[in-house]
Amino acid sequence: MGKGIFQSFPYGIMSGMQFDAKALRLRLTGRKIGCPFHYRETVDSTNRFAMELARGGAPEGTVVLADRQTAGMGRLQRVWQSPPGCNLYLSVILRPAVAPSEISQITLLAGVAIAEAIAAICPAGVGIKWPNDVRIRGRKVCGILAEMATAGGSSAVILGIGLNVNIKSENFDQGHRDTATSLREETGREHSREDVAFLLCESLESWYETFMHAGFAPVREEWLALSDMQGKRVRVLFRDEVQEGTVAGIDRDGALLLADGRGDVRRITAGDATIEKG
Ligand code: BTN
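In structure tokens form, the structure reads like this:
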């Protein structure tokens, strides 16, 4: 089990800041993403909860949001530590007509939508790192976990988003203090989680509609514009295998393109990328 960002966060320290779920539900009424809207003060994982709802036939656009998760999940079996009163933990049920192999495109789409929403709050330094991180000045502010849910003949994508909104850097786990950030740390002020969640849902809805009508090409174009990896040397770890090279973009399917300097370009479809310093 990997270590999460908030490994040693003392629960309850920010519990005075109650999430106004009623107000957010009202603002989301009638929209495609966020209606219906389920709020829980505490849940094990919003992805797991949304998975259950999806298997029971919940409609596309259903959002599950929690103030706190007790078993928040990151990619590659990592823990996503989820203290109360400060961040956003939400999952969206989508039902796109895509093959399981294309689910990574939904992750990339979400990265674009989230980066744009965040840039409206914090205009400088927002970037996307393949495959699932949104960063500010090179520090992770948001992680995305897309999973497939199947039941009977139907399937859904559960799009999980963990966004650091008001957490202070001193409350990050020691091991992540130099690599993680929050909107509060970057802007020097607190933000309404309801407003940020609304912005996220709006941006996701707009990019999801673009994807459904025009496919992955416009998402790819914007992803390349927002990526902070282009031309950088990276190491990609997948299971026990390490691939190294210079980022040459993503292809039409969303795979990372790595140039090896001898004219060969490899497609990487899964893994954890680390950008080399210097
Ligand atoms: C990552 O960067 O490893 C992905 C992190 C995804 C975390 C979010 S929080 C809301 C949703 N519920 C979960 O259990 N995980 C995702």
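Under our numbering, the letters of the sequence shown match residues 3 to 280, in that order. Backbone N, C-alpha and C fix where the C-beta goes; we use that ideal spot for every residue, glycine too. Since we're looking at a predicted model, the values are computed, not measured.
Residue range of the alpha helix (DSSP H) that residue i falls in?
i	result
V114	I105 to A121
According to DSSP, simplified to helix, strand and coil, what is residue i?
i	result
S171	helix
T48	helix
D262	coil
V198	helix
C144	strand
E149	strand
G177	helix
Could you spell out the range, first to last residue, of the beta strand (DSSP E) harbouring residue i?
i	result
T276	D274 to I277
R186	It is not in any beta strand (DSSP E) - R186 instead sits in the alpha helix (DSSP H) that spans L185 to T189.
D135	D135 to I138
G155	Element bounds for G155: n/a, residue is neither H nor E.
R269	V267 to I270
A129	For the record, residue 129 in the displayed sequence is Gly; it is not Ala. Counting along the chain, the beta strand (DSSP E) containing G129 begins and ends at V128 to K131.
Less than 8 Å between C-beta atoms, sequence neighbours within five positions excluded: which residues of the same chain meet that for residue i?
i	result
V221	Q107, L110, L111, V114, W209, T212 and F213
K170	S184, R186 and E187
L30	G36, C37, F39, V65, F200 and C203
A219	R254
Quick one: what's got a C-beta closer than 7 Å to residue i's C-beta in the same chain, skipping five residues either side?
i	result
P2	The chain is shown only over 3 to 280; residue 2 falls outside these bounds and no answer can be derived.
M150	P102, I105, S157 and V159
P125	none
S47	Q71, A73, G74 and M75
R294	This structure leaves residue 294 out entirely; the chain is present only between 3 and 280.
R137	G129, K131, V143 and D230
Q20	none
N49	M75, S93, L147, E149, I160 and G162
W225	L110, G113, V114, I130 and I252
Less than 6 Å between C-beta atoms, sequence neighbours within five positions excluded: which residues of the same chain meet that for residue i?
i	result
R268	L260
P12	No answer about P12 holds up, because its pLDDT of 39 lies below 50 and its placement is not dependable.
A295	Since the displayed the chain opens at 3 and closes at 280, residue 295 lies outside it and no answer follows.
G256	S106, Q107 and L110
F51	V45 and V66
R186	N168 and E192
I248	One point to set straight first is that residue 248 is Thr, not Ile, in the sequence displayed. Excluding sequence neighbours, T248 sits near R235 and A261.
G18	Caution is warranted here: a pLDDT of 47 is assigned to G18, below 50, making its placement in the model unreliable, and no coordinate value can be reported.
V238	Q245, I270, G273 and A275
Exercise for review: Quick one: which unbroken beta strand (DSSP E) runs of 3-plus residues sit fully inside the segment 24-93? Chain order, please.
Suggested key: Fully enclosed beta strand (DSSP E) runs of 3 or longer: 39-45 and 65-71.
Review point. Which runs of the beta strand (DSSP E) spanning at least 3 residues fall entirely within the segment 216-258, listed in chain order?
Key: The segment 216-258 contains these whole beta strand (DSSP E) runs: 235-240 and 243-252.
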